[in-house]
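Residue 50 is where the sequence shown starts when you use the numbering used here, and the numbers rise one by one after that.
Everything below concerns the one structure shown next.
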Amino acid sequence: MLSKREYLVPKWSVPRSVQAVFTTRQGGASKGVFESLNLSYSVGDDQEHVSKNRELLSEILPSSPFWVTQIHSNKLVKAEDSTPTTQADALYTNKQRTVCGIMTADCLPVLITNTVGDEVAAAHAGWKGLAAGILENTIKQFSAAAKNLVVQLGPAISQKNYEVGEDLVQRFLELDHGYQKYFRPHAQGKYSADLCGIATHQLKQLNVNQIYGVNYCTYEQSHQFFSHRRTKPTGRMAAMIWLDDSQKES
């Protein structure tokens, strides 16, 4: 079983029925660049190692997570209607003990619930998904009003380590000139992009104001996280959220 120091539990103000976990790269069976808790079968890791890692993960969860094939889109699916081959970048559920899981290795994992604690979602938010509207589509899935939602942003690449080109900046500025402040010029034609800032901007525009962040950088903290920008190939961490009313009394 994974020890509590090998995964992260969000410190956010939500009902106890809402459970969530961010994995790190620690505590698994994988070797080399995938050391050690790689959870993806599609990055070139030994399949037996990945299966062992998922088995270790399952020991801290109420059920096997629902995974999808992430495609940097704006598509959301209900977790219980998905399969591992379903192409999407966000999962939603209002069912008990149904684990919504997404994988990242620099992109921003976003976990969402409502203040009542009877709906949850997990979204994979890279720049393509953010530009396409993955967060807006996920927020719209909730029956609760946006002002009654709570969001946890997970470990992602920090602004100083996320270099992008002029074309990406222009794509966001065509959507909203307010994005300008999330791109810091640092070389000719190059900028540093603030994924967390962009996501927060979008959430506030959607009237979501209860937003929690974390002080981690997947690129810098190589002992704790996988980073696609730092190492290729590399493994994937998971961000998971689920409902469990039995935790209300614990």
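C-beta: ideal position from N, C-alpha, C; glycine also.
It should be emphasised that the depicted structure is a prediction, and the values quoted were computed from it without experimental measurement.
query: Under the rule that 16 or more other beta-carbon atoms within 10 Å means buried, what is asparagine 272, buried or exposed?
result: Checking the sequence shown, residue 272 turns out to be histidine, not asparagine. The residue in question, histidine 272, is exposed, as its Cβ has fewer than 16 Cβ neighbours within 10 Å.
task: Starting from valine 99, follow the alpha helix (DSSP H) in both directions and report where the run begins and ends.
output: 96-107
- request: Express the C-alpha separation of glycine 284 and histidine 98 in angstroms, rounding to a whole number.
  value: 12 Å
query: What did DSSP end up calling valine 82 once you bin it into helix, strand or coil?
result: helix
- prompt: According to the Cβ coordinates, are aspartate 138 and alanine 172 closer than 8 Å?
  reply: yes
query: Counting along the chain, where does the alpha helix (DSSP H) carrying threonine 72 start and finish?
result: That residue, threonine 72, is in no alpha helix (DSSP H); its beta strand (DSSP E) goes 67-72.
query: Can you check whether the CB of leucine 157 is closer than 8 Å to the CB of leucine 222?
result: no
message: So, at 7 Å on beta carbons, what are the nonlocal neighbours of serine 107 in its own chain, with the 5 sequence-adjacent residues on each side left out?
response: Ser113
query: Any idea which residues DSSP pairs tryptophan 291 with across the strands?
result: Gln68
message: Which residue marks the beginning of the alpha helix (DSSP H) containing arginine 233, and which one marks its end?
response: No alpha helix (DSSP H) holds arginine 233; the beta strand (DSSP E) holding it covers 232-236.
task: Would you mind stating whether valine 200 and glutamine 254 have Cβ atoms separated by less than 8 Å?
output: no
Neighbour-count burial assignment, methionine 313, 16 or more Cβ in a 10 Å radius: Since the displayed the chain opens at 50 and closes at 299, residue 313 lies outside it and no answer follows.
message: I'd like the list of long-range same chain contacts for arginine 103, defined as Cβ closer than 7 Å, with 5 residues on each side in sequence excluded.
response: Leu88
Inter-residue Cα distance where the pair is glycine 150 and phenylalanine 274: 17 Å
- prompt: Which residue or residues does DSSP assign as beta-bridge partners of methionine 286?
  reply: Thr153
- prompt: Can you tell me where the alpha helix (DSSP H) with lysine 53 in it begins and where it stops?
  reply: Taken as a continuous stretch (DSSP letters only), lysine 53 belongs to no alpha helix (DSSP H), as it is neither H nor E.
- request: State the DSSP-derived secondary structure class of isoleucine 120, mapped to helix, strand or coil.
  value: coil
task: Express the C-alpha separation of cysteine 266 and alanine 242 in angstroms, rounding to a whole number.
output: 13 Å
query: With respect to the alpha helix (DSSP H) encompassing lysine 127, which residues constitute its N-terminal and C-terminal limits?
result: Run containing lysine 127: none in the alpha helix (DSSP H); it sits in the beta strand (DSSP E), 125-127.
task: Return the residue from the list Leu198, Gln229, Val159, Val58 that minimises the CA-CA distance to alanine 205.
output: Val159
task: Check alanine 181 in the structure and name its three-state DSSP category.
output: helix
query: How is the alpha helix (DSSP H) around glycine 308 delimited, first residue to last?
result: Residue 308 is absent from the structure shown; the chain starts at 50 and stops at 299.
- request: Please report the residue range of the beta strand (DSSP E) in which valine 169 lies.
  value: 169-174
message: Short of 7 Å in beta carbon distance, which residues of its chain neighbour valine 82, apart from the five on each side in sequence? Order them along the chain.
response: Thr280, Pro282, Thr283
task: Mind checking who glycine 76 pairs with in its DSSP beta bridge?
output: Answer by DSSP bridge pairing: none, since glycine 76 is not bridged.
- prompt: Is the stretch 210-226 touching the stretch 51-69, taking contact as three or more C-beta pairs under 8 Å?
  reply: no
task: Inspect the beta-carbon positions of threonine 153 and asparagine 197 and report whether they are closer than 8 Å.
output: no
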